Amino acid sequence: MKQMDLRPANNFDALRLFAALSVLYSHQFPLTATTPPAWMNVAMIGGAAVMAFFVISGYLVTLSWWAQPRLLPFAAKRVLRIWPALTAVVLLALFVLGPVFTKVSLHDYWQSPMTWDYLRNIALQIRFSLPGVFTDHPLPNAVNGSLWTIPIEVSCYAVLAAAGLLGLLRSRRIWTLLCVAYLVWFLTTMTMDLTGAMNHYWEFPAYFVFGSLIAAFNKQFLQHRAVFAVAASVCALVAYALGFSYSALLLFMPATLLAVGTASWPILSQAGRLGDVSYGVYLYAFPIQQCVRALAPGLGFTTSLVVVVALTLAAGWLSWRLVEAPALRLKTYLR
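Spelled out as structure tokens, the structure:
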């Protein structure tokens, strides 16, 4: 089932980069032991940024399945997008960052089971610590605190692929009903507004599902994106007025975000001219923040943030040029 193509130049690269930098910003407060302003919900900034990733991913990955509805090409594309950069950041942490910053002897570092256990991150069995690394930081023993969302993302890919294999994606109507059923279940049983606790393992997939739902009627959405965004805003305002603030975000973000993402605005659409650096920024921001803290603990919040952003953008660009782009070029062999 073919879907209407996106414009060659769209705003998604800019939105993903903004989301990655927002995660960096939200981590900067706890990593520097800085108290945020009373009016600022730092955790929500980072959480909403990750939710944005899931919305965009749900939308684009669903369209990818419909463009080529076969398991092996679909899985290979996801592998090429996720694992080369993930493997690189894990190996760099283990073989470079760890030996440089560890407070234990190099002999003990290389002999420690914890060192080699860190390789489990490549298998999506998330490990945060390396022996003696960042032990006295405000967030101690955390080498890369951003990796934990990647297994959830991959799980969403797996469920989508399974649905495709079962034929559930052959009909837009059936897929729409399934997506709506999940969202209704989440909003009536699992949202923080009702439970008082945020369960990211159900919440992030809800944003992925909402993106996938919009992909199911992509042609209509692209023709009337502003109408969908306004309708989403009205629904969100009603939910917020009734005291369902977390539900309001789920109702508001997907259609509004994708309305912006699928458009092509003069400045935002040029964000990817040097490559899609957002994934690299997301992967490298946290360890770079920890390294800057270790090397210059006396830097003020703003100065440290400027240094971290500059280094992280450079790392994201290098990740794109040296690892991600070469890996993604292999997609041309997928038929």
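In the working numbering, the protein residues as written are 1003 to 1337.
Virtual Cβ for every residue (Gly too), placed ideally from N, Cα, C.
Since the model is a prediction, treat every value here as computed from it, not as a measurement.
Tell me the rounded alpha-carbon separation between M1006 and Y1281. Confidence at M1006 is low in this model, with a pLDDT of 47, below 50, so its placement is unreliable and the value that follows should be read with caution. Answer to the nearest angstrom: the Cα atoms are 26 Å apart.
Could you pull out every residue in the same chain whose Cβ sits closer than 8 Å to the Cβ of L1033, ignoring the five residues on either side in sequence? These residues qualify, in order along the chain: H1139, P1140, L1141, F1288, Q1291, Q1292, R1295.
Looking at S1235: is its Cβ nearer than 8 Å to the Cβ of T1264? no
I need the boundaries of the alpha helix (DSSP H) containing M1053, first residue and last residue. 1044 to 1069
Whole angstroms are fine: how far does the CA of M1053 sit from the CA of F1246? 17 Å
Are M1194 and W1204 close, meaning C-beta to C-beta below 8 Å? no
Does I1269 pass the burial test, meaning 16 or more other C-beta atoms within 10 Å, or should it be called exposed? exposed
Taking 8 Å as the CB-CB cut-off, is I1290 touching chain C? Given the protein chain composition of this structure (a single chain), no chain C is represented.
Let's see if you can read the secondary structure: which residues bound the alpha helix (DSSP H) around T1314? From DSSP, the alpha helix (DSSP H) with T1314 extends over 1303 to 1321.
Report the rounded CA-to-CA distance for N1143 versus V1232, giving the unit in angstroms. 45 Å
Looking at A1164 and L1336, is the spacing between their C-beta atoms short of 8 Å? no
Nearest residue (CA-CA) to L1149, options L1026, N1220, F1212, L1017: In terms of CA proximity to L1149, L1026 leads the group L1026, N1220, F1212, L1017.
Cβ-Cβ distance between G1060 and G1213 below 8 Å: yes
Should L1162 and W1067 be called a contact, given that it needs their Cβ atoms to be closer than 8 Å? With contacts defined as CB atoms closer than 8 Å, L1162 and W1067 qualify as a contacting pair.
Tell me whether G1134 sits in a helix, a strand or coil according to DSSP, three-state version. coil
So, at 6 Å on beta carbons, what are the nonlocal neighbours of A1238 in its own chain, with the 5 sequence-adjacent residues on each side left out? A1250, L1253, F1254, listed in sequence order.
When burial is assigned at 16 or more other CB atoms within 10 Å of the CB, is H1029 buried or exposed? That one is buried.
Am I right that I1047 and R1018 are in contact with their C-beta atoms under 8 Å? What's the rounded C-beta distance? Not really, about 16 Å apart at Cβ, beyond 8 Å.
Please classify A1218: does DSSP put it in a helix, a strand, or coil? In the structure shown, A1218 falls within a helical segment according to DSSP collapsed to helix, strand and coil.
Going by beta-carbon coordinates alone, are A1217 and T1064 separated by less than 8 Å? yes
Do L1126 and P1086 count as a contact pair if the criterion is CB distance below 8 Å? no
Name the residue from N1043, A1045, M1042, F1055 whose alpha carbon lies nearest to the alpha carbon of A1021. Nearest of N1043, A1045, M1042, F1055 to A1021, Cα basis: F1055.
So, helix, strand or coil for S1157, using DSSP? In this structure, S1157 counts as helix in the three-state DSSP scheme.
So, V1091 versus N1043, is the Cβ gap smaller than 8 Å? With contacts defined by Cβ atoms closer than 8 Å, V1091 and N1043 do not form a contacting pair.
Cβ atoms of N1013 and S1266: under 8 Å apart, would you say? yes
Cα-Cα separation between T1314 and L1023, rounded to whole angstroms: Rounded to the nearest angstrom, the two C-alpha atoms are 9 Å apart.
Whole angstroms are fine: how far does the CA of T1117 sit from the CA of R1331? 32 Å
Pull up the distance between the alpha-carbon of P1133 and that of P1299, whole angstroms please. 20 Å
Drop a sphere of 10 angstroms on the beta-carbon of M1122, count the other beta-carbons inside from all chains shown, and report buried for 16 or more, exposed for fewer. For clarity, residue 1122 is Arg in the given sequence; the question names Met instead. A residue is called buried when at least 16 other Cβ atoms come within 10 angstroms of its Cβ; R1122 does not meet this threshold and is exposed.
Short Cβ contact (8 Å threshold) for Y1286 with A1327: no
Quick check: the Cα distance between R1083 and R1323, rounded to an integer number of angstroms? 13 Å
Nearest-angstrom Cα separation, counted from A1183 out to V1308: 44 Å
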